[in-house]
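A.B. asks: Numbering (my numbering) for the sequence shown: 830 to 1002.
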Amino acid sequence: MKRLRRIIFSLLCLLVLHGVRAFAQVSATGHISAEVISALSAIETSQMNFGRFSPGPQGGELILSPESTISVLGSVYSGSGVHNAAGFYVTGETGIAYSITLPSEPITITNTSSSRTMIVDNWSSIPATTPGAGMLQDGFQTVLVGATLKIGTLSDNPVGIYTGTYSITFDFY
């Protein structure tokens, strides 16, 4: 009988203890961080330069490719000297794709002495302007830009230096 009481008592203790649950509550603090980065930045590394030339009786065009080759259309004599496409150094996070937006309207360049003008249009670039064509493989890329210079006659475009500015946009894609 004693033994039976012990067994019953042990079973009752197990049932009572099994039904009792210990409740504990604890709080912890988590931390949050975020970093805003400059996805892209760009600087001009070389200016677009159509070089030295002389207009003929009908005028014409100088076509400057992004590879810095020059082609002449019409009555224009392309002289000696340096001509080169514009260059931009684009930097940012490795692996970022971006798009290039070139001027959509003709840009006017002006003679620094006479206020006569010429038009620059038909812009092109390497990489191309298709969405996401630029890619920062190692966090940087060089972009080359060419265009076409429309040249009038010598009376339209007298001797002198012609200058102007344009905007190019590099857009995170």
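All residues carry an ideal CB built from backbone N, CA and C; glycine is no exception.
Compute the Euclidean distance between the alpha carbons of Arg881 and Pro932, then round it to the nearest angstrom.
C.D. replies: Their backbone Cα atoms lie some 24 Å apart in a straight line.
A.B. asks: So, helix, strand or coil for Ile938, using DSSP?
C.D. replies: Looking at Ile938 - three-state DSSP - the assignment turns out to be strand.
A.B. asks: Taking the straight line between their C-alpha atoms, what separation do you get for Asn913 and Val974?
C.D. replies: Cα-Cα distance, rounded: 9 Å.
A.B. asks: Measure the beta-carbon distance from Ile980 to Gly921 and round it to whole angstroms, keeping in mind my assumption that it falls under 8 Å.
C.D. replies: Not a contact, Cβ separation roughly 37 Å.
A.B. asks: Have a look at Ile837, Ser953, Val905 and flag the residue whose alpha-carbon is nearest the alpha-carbon of Gly885.
C.D. replies: For the residues Ile837, Ser953, Val905, the minimum Cα distance to Gly885 belongs to Val905.
A.B. asks: Taking Gly916 as the reference, which of Asn986, Ile997, Lys831, Arg834 has the closest Cα?
C.D. replies: Nearest of Asn986, Ile997, Lys831, Arg834 to Gly916, Cα basis: Ile997.
A.B. asks: What's the call for Phe969, buried or exposed, on a 16-neighbour Cβ count within 10 Å?
C.D. replies: Burial call: exposed.
A.B. asks: With Thr977 and Asn951 assumed to form a contact (beta carbons below 8 Å), what rounded beta-carbon distance in angstroms separates them?
C.D. replies: At roughly 4 Å, the Cβ-Cβ gap stays under 8 Å, so Thr977 and Asn951 are in contact.
A.B. asks: Verify whether the separation of the beta carbon atoms of Ile929 and Gly961 is less than 7 Å.
C.D. replies: The answer is no: Cβ separation not under 7 Å.
A.B. asks: Straight-line CA distance for Ala863 to Gly924?
C.D. replies: Rounded to the nearest angstrom, the two C-alpha atoms are 19 Å apart.
A.B. asks: Expressed to the nearest angstrom, what Euclidean distance is found between the alpha-carbon atoms of Ile936 and Leu965?
C.D. replies: If I take the Cα positions, the gap works out to 29 Å.
A.B. asks: When you compare the CB positions of Val972 and Ser954, do they come within less than 7 Å of one another, or not?
C.D. replies: Yes, these two residues count as a Cβ contact at 7 Å.
A.B. asks: Could you compute how far the alpha carbon of Thr992 sits from the alpha carbon of Leu869?
C.D. replies: When rounded, the distance between both Cα atoms is 27 Å.
A.B. asks: Which whole-angstrom value is the C-beta distance of Phe1001 and Tyr927, which I expect to be below 8 Å?
C.D. replies: About 6 Å separates the two Cβ atoms, so the contact holds.
A.B. asks: Put Ser839 into one of helix, strand or coil per three-state DSSP.
C.D. replies: In this structure, Ser839 counts as helix in the three-state DSSP scheme.
A.B. asks: Fully enclosed by the stretch 884-915, which beta strand (DSSP E) runs are 3 residues long or longer?
C.D. replies: Here the runs fully enclosed are 899-907.
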